[in-house]
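*Asks:* Take this structure first; my questions come after.
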Amino acid sequence: MELTDKEIKRITVIFFFLVLAILAFFLIRPLLISIIAGLVLAYVFLPVQKKVLKNFSNKNLASSITLAIAILIIIIPLWITMPLIIQQIFEIFTYLQNVDLTNIITRFFPTTSEQFTTQVTLTFNNFISKVASGVLNSLVNFFLDLPTFLLNLFVLAFVFFFSLRDGDRLKDFVLSLSPLTKSQEQTIVKQFRDITDSIVYGQILIGLAQGLLAGLGFFIFGVPNALSLTFLAVILSIIPMLGAGFVWVPVNVYLFLTGNNVLGVLFLLYNIFLTSTVDNFLRIYIVSKKSDIPAVFILIGMIGGLFLFGLLGLLLGPLIVAYFITFLKAYKDQELTSLFARAKKE
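Here the sequence shown stands for residues 1 to 346, where the numbers follow the working numbering.
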């Protein structure tokens, strides 16, 4: 079958477009996570940008002020607390290595054989040593890659600023490339916005609030290494089906084991009526209101995202999965059927 000149031109254009698209992807791939993080943070701080714009009509000035606010809220606290968190993490490892696990096992399980007790103690000590070694290696690699980290941080801030300043133009440009009809675009955009809100606000920010509430309890009740435990509580609170309970429950057990019974009861009541309330009511309300994506898909997205993107994958993973499910639902509901039908005819 002989190709016409028109078909040859079309194939040539498609070929060069694919080559350029592949080259562009490899060009931005080292900075891809920073770019996505900048876009997501810009979305999170969009309400702040709108409030600033009410007082300063200049978009450059408003975006600069919002960027400064983001730095004050995120970067500076991390810069100040991270050395203390690292120090406390190693203090926890040192404490765990010196724990007389044999005595604890014998105390609570007096009928346990000596061989079993020795084996459990050795396994526990080996586990703690490996985790401590892994954390130390991660810190060394971080300082070795510090110039790359600072470059990525600059790219993130750059994308954050221009996404806030030119967000409307960027949105119009993306929609102009869409083959969908106006009504289809509005439906998909609304679904994407609802999903993003449910994950960013219902999963990430509510998880952050729950972790910080647990951390406040650590400080109020004088729990040792409260800062590092707060950091761990925040991370676990963001992950579905886990939560700050995986941190404050062992801490509660520790308080009772060390004889602080009154403190343990008060700490338990604090977490039941304050920390858990955030998860049981606010998160469920926001996620169910904005999205009907099952929690299991959010969890799968977070775990996969964690392997692929690191900590940022806790946000990007569920977003990608949720967007994919939204497209499947849109096709099922015949919102995209006409598009595929046109492509088939052509």
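Even for Gly, the Cβ is constructed at its ideal location relative to N, Cα and C.
#1: Let me know if G310 comes out buried or exposed under the rule of 16 or more other beta-carbons within 10 Å of its beta-carbon.
#2: With hydrogens ignored, establish whether the beta-carbon of N60 is closer than 7 Å to any heavy atom of the ligand HEM.
#3: Which residue wins for smallest C-alpha separation from G243, given the options F219, T148, N260 and L213?
#4: At which residues does the alpha helix (DSSP H) containing N137 begin and terminate?
#5: In angstroms with no decimal places, state the Cα-to-Cα distance between T196 and A70.
#6: Got a sec, what are the start and stop residues for the alpha helix (DSSP H) F17 sits in?
#7: Would you call the CB atoms of T112 and T106 closer than 8 Å?
#8: Just the C-alpha distance for L177 and K171, rounded to the nearest angstrom, thanks.
#9: Exposed or buried, which one is W248 when buried takes at least 16 other CB atoms within 10 Å?
#10: Looking at the structure shown, is A68 part of a helix, part of a strand, or coil, going by DSSP?
#11: If you follow the alpha helix (DSSP H) that V234 is in, where does it begin and where does it stop?
#12: Taking only runs of the alpha helix (DSSP H) that begin and end inside the stretch 148-188, which ones reach a length of at least 4 residues, in chain order?
#13: Alpha carbon to alpha carbon, how far is S183 from F267?
#14: Identify whether F219 lies in helix, strand or coil by the three-state DSSP scheme.
#15: Please tell me whether L314 and I206 are closer than 8 Å, where the distance is taken between their beta carbons.
#16: Using three-state DSSP, classify S57 as helix, strand or coil.
#17: Please state whether DSSP places V99 in a helix, a strand or coil.
#18: Once you ignore the five residues that flank R29 on each side, which residues in its own chain have a CB closer than 8 Å to its CB?
#19: Secondary structure at F45, three-state DSSP: helix, strand or coil?
#20: Taking a contact to mean a Cβ-Cβ separation below 8 Å, would you say R165 touches N60 in this structure?
#21: Whether or not the stretch 146-165 and the stretch 126-134 are in contact is what I'm after, with contact meaning three or more pairs of Cβ atoms, one per stretch, closer than 8 Å; do they touch?
*Replies:* From the atom records:
#1: Here residue 310 corresponds to residue number 310 of the sequence shown, with the count starting at 1. Residue environment for G310: exposed (fewer than 16 other C-beta atoms within 10 angstroms of its C-beta).
#2: This structure lacks the ligand HEM, and indeed carries no ligand of any kind.
#3: In the sequence shown, residue 243 corresponds to position 243, counting from 1. Among F219, T148, N260 and L213, the Cα nearest to that of G243 is on L213.
#4: Numbered from its first residue, the sequence shown carries residue 137 at position 137. Here the alpha helix (DSSP H) through N137 covers E114 to L144.
#5: Counting from one through the sequence shown, the residue named residue 196 turns up at place 196. Counting from one through the sequence shown, the residue named residue 70 turns up at place 70. Cα-Cα distance, rounded: 19 Å.
#6: By one-based count along the sequence shown, residue 17 stands at place 17. Unbroken alpha helix (DSSP H) run through F17: D5 to I28.
#7: On the sequence shown, position 112 is the one that residue 112 refers to. On the sequence shown, position 106 is the one that residue 106 refers to. Against a cut-off of 8 Å, the Cβ pair of T106 and T112 comes out as a contact.
#8: Within the sequence shown, numbered from 1, the residue matching residue 177 stands at position 177. Within the sequence shown, numbered from 1, the residue matching residue 171 stands at position 171. Near 10 Å, if we compare the C-alpha coordinates of K171 and L177.
#9: Counting from 1 along the sequence shown, the entry for residue 248 is found at position 248. Residue environment: W248 is assigned as buried (16 or more neighbouring CB atoms within 10 Å of its CB, all protein chains considered).
#10: Here residue 68 is taken as the residue at index 68 of the sequence shown, counted from 1. Here A68 sits in helix by DSSP.
#11: Here residue 234 refers to the residue found at position 234 when the sequence shown is read from its first residue. Residues A226 to I238.
#12: For the stretch 148-188, whole alpha helix (DSSP H) runs of length 4 or above, ordered along the chain, are 167-176.
#13: Taking the first residue of the sequence shown as position 1, residue 183 is located at position 183. Taking the first residue of the sequence shown as position 1, residue 267 is located at position 267. One C-alpha to the other measures close to 53 Å.
#14: As a first step, residue 219 must be located in the sequence shown, where it is residue number 219. The answer is helix: DSSP assigns F219 an H, G or I state.
#15: The sequence position of residue 314 within the sequence shown is 314, counting from 1. The sequence position of residue 206 within the sequence shown is 206, counting from 1. Going by C-beta atoms, L314 is not nearer than 8 Å to I206.
#16: Counted from its first residue, the sequence shown places residue 57 at position 57. When secondary structure is reduced to three states using DSSP, S57 falls in the coil class, being assigned neither helix nor strand.
#17: As a working note, residue 99 is residue 99 in the sequence shown. Secondary structure of V99 (DSSP, three-state): coil.
#18: Here residue 29 corresponds to residue number 29 of the sequence shown, with the count starting at 1. Counting only Cβ-Cβ distances below 8 Å, and skipping sequence neighbours, we find nothing.
#19: Along the sequence shown, one-based indexing puts residue 45 at 45. Assigned with DSSP and collapsed to three states, F45 falls in coil, not helix or strand.
#20: Translated into the one-based positions of the sequence shown, residue 165 becomes position 165. Translated into the one-based positions of the sequence shown, residue 60 becomes position 60. The answer is yes: Cβ separation under 8 Å.
#21: No, the stretch 126-134 does not touch the stretch 146-165.
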